[in-house]
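Chemist: For the sequence shown, the residue numbers in the working numbering are 3 to 99. The beta carbon of each residue, even a glycine, is placed where N, CA and C say it ideally should be. Everything numeric in this text was worked out from a predicted model, so none of it was measured. Can you read through this structure? Questions will come right after.
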Amino acid sequence: MGWALLVSFLIGAICALRAPVLIFALIVLVVMIAYAGVSYTNGSPLMHAIAWGFVFAVVLEAGYVFAHVLLHSFYTRRESDAEKRAPQQAQSKYHAD
3 MGWALLVSFL IGAICALRAP VLIFALIVLV VMIAYAGVSY TNGSPLMHAI AWGFVFAVVL
63 EAGYVFAHVL LHSFYTRRES DAEKRAPQQA QSKYHAD
């Protein structure tokens with residue numbers, strides 16, 4: 003089960019690169035319902051199947067959020083570095099008074 007959670011996390015992280023949040027939320031909903039349905043038809047108790055469906059949904063969302071936080075931190079760091087260098091490189095036609 004650990005590998006399934008890891009794969010779900012990685013799928014969520016990969017989807018964060020290209021999938022809009024609404025489409026991803028619909029994908030997570032479909033995965034959650036499909037897993038709960040398949041698990042229930044294989045003989046798991048209903049509450050157990052629903053709980054594991056929620057666990058997989060949370061892990062998918064965690065991967066999505068993790069990738070967005072990582073991308074945001076890289077983007078803001080790059081922008082802050084660019085802002086620090088910009089005044090040094092800027093040339094003005096007016097004299098500094």
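Report all residues from its chain with a CB closer than 6 angstroms to the CB of A59; omit the five preceding and five following residues, and keep chain order.
Modeler: Same-chain partners within the cutoff: V30, M34.
Chemist: Give me the Cα-Cα distance between G4 and I52, rounded to the nearest whole angstrom.
Modeler: Going by the C-alpha atoms only, they are around 18 angstroms apart.
Chemist: Count the other CB atoms within 10 Å of the CB of Y77; is the residue buried (16 or more) or exposed (fewer)?
Modeler: So Y77 ends up on the exposed side.
Chemist: Report buried or exposed for L62, applying the criterion of at least 16 other Cβ atoms within 10 angstroms of its Cβ.
Modeler: L62 should be labelled buried.
Chemist: If we count the other Cβ atoms within 10 Å of its Cβ and call it buried at 16 or more, is A18 buried or exposed?
Modeler: So A18 counts as buried.
Chemist: With 16 other CB atoms within 10 Å as the buried threshold, where does E41 fall?
Modeler: At residue 41 the sequence reads Ser, which differs from the Glu that was named. That one is buried.
Chemist: Excluding the 5 residues flanking V57 on each side, which residues of the same chain have their C-beta closer than 8 angstroms to its C-beta?
Modeler: Here the set comprises L7.
Chemist: Between the Cα of A15 and the Cα atoms of K95, R79, L73, Y66, which residue gives the shortest distance?
Modeler: Selected option, being the one with the closest Cα: Y66.
Chemist: Measuring straight from C-alpha to C-alpha, what distance separates I13 and K95?
Modeler: Roughly 52 angstroms between the two C-alpha positions.
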